[in-house]
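See structure below.
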Amino acid sequence: MALIVQKYGGTSVADADCLRNVARIIADTYKKGDDVVVVVSAQGDTTDDLIAKAKEITGSPQKRELDVLLSAGETMSSALLAMAVQALGCPAVSLQGWQAGFQTSSAYGSARIKTIQTERLKVELGRKNVVIVAGFQGICRYDDITTFGRGGSDTTAVALAAALHADRCQFYKDVEGVYTCDPRKVKGAQRLSEITYDEMLELATLGAQVLNNRAVEMAKKYNVELEVLSSYARNPGTIVKEVTTMEKMLVRGVTKDTDTARISVVGVADIPGVAFKIFSKLAAKDINVDIILQSVGRDNTKDISFTVSRAHAGEAVGILEAMDLTAGLPLVCDTQVAKISVVGAGMETHPGTASKMFEALYGADINIQMISTSEIKISVLIEQAQADRAVAAVHNAFFPEG
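Per this note's numbering, the very first residue in the sequence shown carries number 101; after that it's consecutive.
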């Protein structure tokens, strides 16, 4: 007998038929004799709909009240799924995050898990119940409901698997695993049988929407092996683990990220400490900076360009304008850009990966604005309008059709 944690996303539980399909998967697992803990997201676009309802009331809803509202989506999914499992003759109980023992920080909207009190979970499993937990939520020291931010249900599932020492942590999606590219958009995308935590973390951070990057980071920390499967096709999926047994592929995946903005600070003084002043101010406001490019100094000035998420672009520009770094020269903020990346641990031992990527972009007549590299990834910034064409060209260079 094994303890299995299963996580189902919003599309997997979007309506009654989807819920019944998921309930059948859970029942099949349960009837094999395994203990089952399930984590669910809100149905379909429920979270977006709840945010829209809040904005009908006020343009700036209080974060505490927004967390109470948004937690209702996962609470509803967990109760409905429990009913669907019960209808198949399997005992099931739904628990909200606080009932499942999630103790969190008080950062509403982006709470961090402090501890999980597993007593209630173990009692319910001892009663042979399928335990269905509302993802994305917990309770803070003030007894307030908190939420974990986008993708937080993935984090819930990994945290439960770690706390309960589960034998497996499965993620059921609308795709059959982790692919070299989005199979719905790129012809010839290949499913991977396995991938390392580091590669998956890079893919998740760089725009792949299969797993939440915070969940992958936690899985790596606690050595929780993940399995990505389809909710609709009963086929083998992709295993995410520390070390893969297969020969390292040169590239494991190609991603795009359109949630990015390029900010250029033109004509700053070419003296020590300027970069520190800029990026320390941004860090103080929790603005994450990705690609950074600094020009060679000329006429005692230099230009600094960097990327941030679109959501932080306006705030970043405001901070820099207040610093008055450029003697009146305008800041340039371009939100019509996209980041294209290739990821693969095999790049460490295979020279020429960057050249191959750049050649593919050149062949597609796509200009590169900025470049960033690490041991297992290469990212470039291009015009957003060319993103899909760039992904297809780069993917075909590394994974030729036929």
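Backbone N, C-alpha and C fix where the C-beta goes; we use that ideal spot for every residue, glycine too. Note that this is a predicted model, so its numbers are computed, not measured.
If we require 4 or more residues per run, which alpha helix (DSSP H) segments fall completely within the segment 425 to 486? 453 to 463
Mind checking which residues open and close the beta strand (DSSP E) that includes R212? Indexing the sequence shown from 1 puts residue 212 at position 112. No beta strand (DSSP E) holds R212; DSSP gives it neither H nor E.
May I ask you to report which of helix, strand or coil DSSP gives E327? Taking the first residue of the sequence shown as 1, we reach residue 327 at position 227. Reduced to three states, the DSSP call for E327 is strand.
Once DSSP output is grouped into helix, strand and coil, what is the label at G226? As a first step, residue 226 must be located in the sequence shown, where it is residue number 126. DSSP places G226 in helix when its eight states are reduced to three.
Contact between the segment 459 to 472 and the segment 488 to 500: three or more CB pairs below 8 Å? yes
Option nearest F452 by Cα separation, candidates E475, T435, V437, I440: Mapped onto the sequence shown, residue 452 falls at position 352. It is worth fixing the name first, because residue 452 is Gly in this sequence and not Phe. Considering only alpha carbons, the answer is E475.
If I measure Cβ to Cβ from G425 and keep anything under 8 Å in the same chain, skipping five residues before and after, which residues do I get? Residue 425 sits at position 325 when you count from the first residue of the sequence shown. The sequence given here has Leu at residue 425, not Gly. Within the same chain, L425 has close Cβ partners V365, V368, A369, V374, K377, I378.
In the DSSP assignment, find the beta strand (DSSP E) that holds C269 and state where it starts and stops. Translated into the one-based positions of the sequence shown, residue 269 becomes position 169. That run of the beta strand (DSSP E) goes 268 to 273.
Inter-residue spacing [alpha-carbon to alpha-carbon] between V197 and V408: Within the sequence shown, numbered from 1, the residue matching residue 197 stands at position 97. Within the sequence shown, numbered from 1, the residue matching residue 408 stands at position 308. The residue asked about is misnamed: residue 197 is Gly in this sequence, not Val. For G197 and V408, the distance between alpha carbons rounds to 32 Å.
Take the Cβ of I371 as the centre, count every other Cβ of all protein chains shown within 10 Å, and call the residue buried at 16 or more, exposed below. In the sequence shown, residue 371 corresponds to position 271, counting from 1. I371 counts as exposed, since fewer than 16 other beta carbons sit within 10 angstroms of its beta carbon.
So what does DSSP say about F499, is it helix, strand or coil? Here residue 499 refers to the residue found at position 399 when the sequence shown is read from its first residue. Coil, per DSSP.
Extent of the continuous beta strand (DSSP E) to which Q162 belongs: Looking up residue 162 in the sequence shown gives position 62. Where Q162 is concerned, there is no enclosing beta strand (DSSP E), given that its DSSP letter is neither H nor E.
Chain-order list of residues whose beta-carbon lies under 6 Å from that of K107 (same chain, five-residue window excluded): Position 7 of the sequence shown, counted from the first residue, corresponds to residue 107. V139, A257, F271.
Considering only residues of the same chain and omitting the five flanking positions on each side of L431, which have a CB-CB separation below 8 Å? The residue given as residue 431 occupies position 331 in the sequence shown. The answer, listed in chain order, is I363, S364, V365, V366, V417, L420, E421.
Nearest residue (CA-CA) to Y332, options D390, I126, D244, N229: As a working note, residue 332 is residue 232 in the sequence shown. It is I126 whose Cα lies nearest to the Cα of Y332.
CA-CA distance, K228 and A123? Taking the sequence shown and counting its residues from 1, the one referred to as residue 228 is at position 128. Taking the sequence shown and counting its residues from 1, the one referred to as residue 123 is at position 23. If you take the alpha carbons of K228 and A123, they lie about 16 Å apart.
Where DSSP assigns a beta bridge to L195, which residues make up the other side? Taking the first residue of the sequence shown as 1, we reach residue 195 at position 95. According to DSSP, L195 bridges with V233.
Sufficient close CB pairs (3 or more, under 8 Å) joining the segment 348 to 359 to the segment 305 to 316: yes
Return the chain-ordered list of same chain residues with a C-beta closer than 8 Å to the C-beta of K320, the five sequence neighbours on each side being excluded. Numbered from 1 along the sequence shown, position 220 holds the residue referred to as residue 320. Excluding positions up to five away in sequence, the list reads Y297, D298, L301, E342.
Euclidean distance between Cα positions of G288 and L350: Counting from 1 along the sequence shown, the entry for residue 288 is found at position 188. Counting from 1 along the sequence shown, the entry for residue 350 is found at position 250. Linking G288 to L350 through their CA atoms gives a straight-line distance of about 17 Å.
Could you name the residues of the same chain whose beta carbon sits closer than 6 Å to that of E165, not counting the 5 residues immediately before and after it, in chain order? Locating residue 165 in the sequence shown gives position 65, where the first residue counts as 1. Once the five neighbours on either side are set aside, E165 has no close Cβ partner at all.
Less than 9 Å separating the beta-carbons of K439 and E415? Here residue 439 refers to the residue found at position 339 of the sequence shown. Here residue 415 refers to the residue found at position 315 of the sequence shown. Contact: no.
So is E219 buried or exposed if we call it buried at 16+ other beta carbons inside 10 Å? Stepping through the sequence shown from its first residue, residue 219 is reached at position 119. By the 10 Å Cβ count, E219 comes out exposed.
Any beta strand (DSSP E) of 3 or more consecutive residues that is wholly inside the segment 374 to 420: Runs found: 392 to 394, 401 to 408.
Can you tell me whether DSSP reads K321 as helix, strand or coil? Counting from 1 along the sequence shown, the entry for residue 321 is found at position 221. The answer is helix: DSSP assigns K321 an H, G or I state.
Specify, as a first and last residue, the run of the alpha helix (DSSP H) that R120 falls within. Sequence index remark: in the sequence shown, residue 120 carries index 20 (1-based). Element bounds for R120: 116 to 131.
Would you list the residues sitting across from V340 in a DSSP beta bridge? Walking along the sequence shown from the start, residue 340 turns up at place 240. Looking at the DSSP output, V340 sits in a beta bridge with I295, L326.
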